[in-house]
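Enquirer:
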Amino acid sequence: MERRDFIKGIGLGALVAGLGKSAHAQEAKAPEKAPANYDFKITFLGTSHGRPTLERFNSSTLLEFGGKKYLIDAGEPVSALLIRQKISPADIDGIFITHPHGDHMGGLLMQFAQMTSFGGYKKYKDRSCKVFLPGEDVKSNIGNAMRAMGFGRGIPGFCDAIGFGEGVIFEDGDLKVTAIGNDHMARRADKTARAYSFLFEGAGKRIVFSGDLSNKFDFPYGVIEPGLDLVVCELVHFPVKLVVEGLRDKAIKHACFQHPYDHYCDVVHGKERFAAFAKQLTFPAELVDDGTVRTV
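Here numbering that gives the first Met the number 0 is used: the first residue of the sequence shown is 0, the next is one more, and so on.
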């Protein structure tokens, strides 16, 4: 994929930091059943950190690939934001939750309720919405919360809720999703992770969603090779110098940063501050907003 194809539609200001930089990514290897011209369409619904702002809602991202729609995280008000994109909450084929913090899954219960309200039991008659939750304990707690709020008897029957751990968690021949644990949250007594990053692979393209990371920036370095077409990364829980030190000169074509420090969102100096950070990277990088759409 040519770099110019990816960056089509990105404004000049978002590209300044990346002009003239080398993207060292090699040819990616990923599931090839999907036609090579399949694109990943990514709509950033909510891009804030733990607190919503006047411009940013909590974390949720819509990923479209191969005629299907997936959510990565479900911070509030995810179902309302889908409707504003003219997408029914009952059109979602899968939901992937990176970790059980409120700003990443606080809208999940209402998403389930709206899936039902928008005709879920009819729309999912011959299929299910797969919901990937970081651990069986999280799955159980969500079901209890649904009952406590009067949303039926728990997670809707048309949802196939799966408590996942490390490794490949989804594969349908077109799309493959791998979960990589990190230390954003304290691990369980058996050392299993509570927080995860995701690698999405399809049609020869590879995308990492970092989720939230620890203060040591424990990015999933092990999945970078043979190259990433896109990194979607948070920017609040660690010193940004660790991002530069960790990702500089890596095989990455482009980075979209979200979940940022407030000073990057300042209307007066925010863009200048982010540009100074991005200039230190060896690949184009941008700070995305709620409603930003990118295609890979």
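Virtual Cβ for every residue (Gly too), placed ideally from N, Cα, C.
Looking at the structure shown, is Phe297 part of a helix, part of a strand, or coil, going by DSSP?
Expert: Missing from the structure shown is residue 297; the chain here goes from 0 to 295 and no further.
Enquirer: I need the straight-line Cα distance from Asp303 to Leu80, nearest angstrom please.
Expert: Residue 303 is absent from the model: the chain starts at 0 and stops at 295.
Enquirer: Reducing DSSP to helix, strand and coil, say where Phe256 ends up.
Expert: In this structure, Phe256 counts as strand in the three-state DSSP scheme.
Enquirer: Assess contact between the stretch 214 to 221 and the stretch 99 to 110, defined as three or more Cβ pairs (one per stretch) separated by less than 8 Å. Is contact present?
Expert: In short, these stretches do not touch, since the Cβ pair count stays below three.
Enquirer: Take the Cβ of Ser116 as the centre, count every other Cβ of all protein chains shown within 10 Å, and call the residue buried at 16 or more, exposed below.
Expert: Exposed, since its Cβ has fewer than 16 Cβ neighbours within 10 Å.
Enquirer: Within the continuous alpha helix (DSSP H) that includes Phe111, where are the two ends?
Expert: Leu107 to Ser116 is the span of the alpha helix (DSSP H), which, as asked, contains Phe111.
Enquirer: Determine the direct distance from the alpha carbon of Gly149 to that of Tyr220, and round the result to whole angstroms.
Expert: Whole-angstrom Cα-Cα distance: 42 Å.
Enquirer: What residue does the beta strand (DSSP E) around Ser358 start on, and which one ends it?
Expert: Only positions 0 to 295 of the chain appear in the structure, and residue 358 is not among them; the question remains open.
Enquirer: On a Cα-Cα basis, can you pick out the residue from His262, Pro51, Ile168 and Ala284 that is closest to Phe256?
Expert: Among His262, Pro51, Ile168 and Ala284, the Cα nearest to that of Phe256 is on Ala284.
Enquirer: Between the beta-carbon of Phe197 and the beta-carbon of Phe95, is there less than 7 Å?
Expert: Yes, they are a contact pair.
Enquirer: Starting from Tyr120, trace the alpha helix (DSSP H) both ways and give me its first and last residue.
Expert: Looking at the DSSP string, the run of the alpha helix (DSSP H) that includes Tyr120 is Gly119 to Lys122.
Enquirer: Going by C-alpha to C-alpha distance, which of Leu280, Ile82, Arg146 and Asp189 sits closest to Val230?
Expert: Nearest option by C-alpha distance: Leu280.
Enquirer: For the beta strand (DSSP E) containing Asp159, name the first residue and the last one.
Expert: Its beta strand (DSSP E) spans residues Cys158 to Gly162.
Enquirer: Closest by CA to Gly105, which one among Pro76, Ile91, Ile251 and Ser127?
Expert: When only C-alpha atoms are compared, the closest one is Pro76.
Enquirer: Based on Cα-Cα distance, which residue from His98, Arg146 and Gln113 lies nearest to Glu135?
Expert: Ranking the options by Cα distance to Glu135, first place goes to His98.
Enquirer: Quick test of the definition: if touching needs 3 or more C-beta pairs under 8 Å, does the stretch 62 to 70 touch the stretch 247 to 255?
Expert: Not touching, per the Cβ criterion.
Enquirer: In whole angstroms, what separates the C-alpha of Lys138 from that of Thr191?
Expert: In a straight line, the C-alpha of Lys138 is about 15 Å away from that of Thr191.
Enquirer: Can you list, in chain order, the residues of its chain whose CB lies under 8 Å from that of Ala73, leaving out five sequence neighbours each side?
Expert: So the qualifying residues of the chain are Ser59, Ile94, Ile96, His103, Met104, Gly105, Gly106, Leu107 and Gln110.
Enquirer: Closest to Arg187 by C-alpha separation, out of Ile86, Gly164, Phe199 and Val207, would be which residue?
Expert: Closest by alpha carbon: Gly164.
Enquirer: Taking the CB atoms as reference points, tell me whether Phe169 and Tyr123 lie closer together than 7 Å.
Expert: No.
Enquirer: Using a 10 Å radius around the Cβ and a threshold of 16 neighbouring Cβ atoms, would you call Thr177 buried or exposed?
Expert: With 16 or more other Cβ atoms within 10 Å, it is buried.
Enquirer: Skipping 5 residues on each side, what residues in its chain have a beta carbon closer than 6 Å to that of Phe237?
Expert: Taken in chain order, the residues that qualify are Asn214 and Phe216.
Enquirer: For Ile91, which residues in the same chain have their Cβ closer than 8 Å to its Cβ, ignoring the five residues on either side in sequence?
Expert: The residues are Lys68, Tyr69, Leu70, Leu81, Gln110, Met114 and Cys128.
Enquirer: With DSSP collapsed to three states, give me the class of Val287.
Expert: Here Val287 sits in coil by DSSP.
Enquirer: Helix, strand or coil for Val292, going by three-state DSSP, please let me know.
Expert: Strand.
Enquirer: Alpha carbon to alpha carbon, how far is Tyr263 from Arg83?
Expert: Cα to Cα, the separation comes out at about 26 Å.
Enquirer: If distances are taken between C-alpha atoms only, which option among Gly162, Gly153, Gly101 and Arg152 comes closest to Val130?
Expert: For the residues Gly162, Gly153, Gly101 and Arg152, the minimum Cα distance to Val130 belongs to Gly162.
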